[in-house]
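See structure below.
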């Protein structure tokens, strides 16, 4: 394939070149490309190619040296993934209250050892799901098919559905 590389110092210059027809293809991380497509006058006229050139992890980050906060943020992400693995959603959370599954009980806060180590209330994970849902719900709402970006789950799916997402047991 023949191509001519067009370089720019800033992303908005690249977007202007695309709109002007100076370039016919943009490369970048998938959420950024999807966001730009959603802002175009006719988003359906522009496609996101399924081929990935690179894979880059993205996720939450915190200021260096704030280890207690880093632990809370890390375990919050894991709780969101664990909720999806357990089949919990905002709508079904109350159905789990009568569960006898030790994994569910730990998630709901019956074993306070994890929450104590994080400095959180034992029901912290349950409260997160009640407020924002599971990882899957958040993905669909902000990046996925229910959002204006309409991205497929891909690598952001659970491990047993072909993705890379998995959380360790809550212990």
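In this note's numbering, the protein residues as written are -1 to 169.
No residue lacks a Cβ here, since even glycine has one placed at the ideal position from N, Cα and C.
Only a predicted model underlies this, so the values are computations on that prediction, with no experimental measurement involved.
Next item on the list: Report the residue from 29, 166 and 152 whose alpha carbon sits nearest the alpha carbon of residue 160.
Entry: Closest by alpha carbon: 152.
Notebook entry, point to check: Mind pulling the beta strand (DSSP E) runs of 3 or more residues that sit fully within the stretch 42 to 120?
Noted result: With a minimum length of 3 residues, no continuous beta strand (DSSP E) run stays inside the stretch 42 to 120.
Checklist line | Cβ pair count under 8 angstroms reaching 3, the stretch 130 to 141 against the stretch 45 to 63 | finding: With the cut-off at 8 angstroms, the stretch 130 to 141 and the stretch 45 to 63 do not touch.
Note to self: I want to know whether the stretch 81 to 98 touches the stretch 49 to 59 - three or more CB-CB distances under 8 angstroms.
What the structure shows: Here the stretch 81 to 98 does not lie against the stretch 49 to 59, with fewer than 3 beta-carbon pairs under 8 angstroms apart.
Check: Taking the alpha-carbon positions, what's the residue 149 to residue 143 distance?
Finding: Going by the C-alpha atoms only, they are around 6 angstroms apart.
Margin query: Please report the distance separating the alpha-carbon of residue 3 from that of residue 121.
Written below: Distance between the alpha carbons of residue 3 and residue 121: 53 angstroms.
Notebook entry, point to check: So, residue 79 versus residue 13, is the Cβ gap smaller than 9 angstroms?
Noted result: Contact: no.
Next item on the list: Report the rounded CA-to-CA distance for residue 162 versus residue 155, giving the unit in angstroms.
Entry: The alpha-carbon atoms of residue 162 and residue 155 are separated by roughly 6 angstroms.
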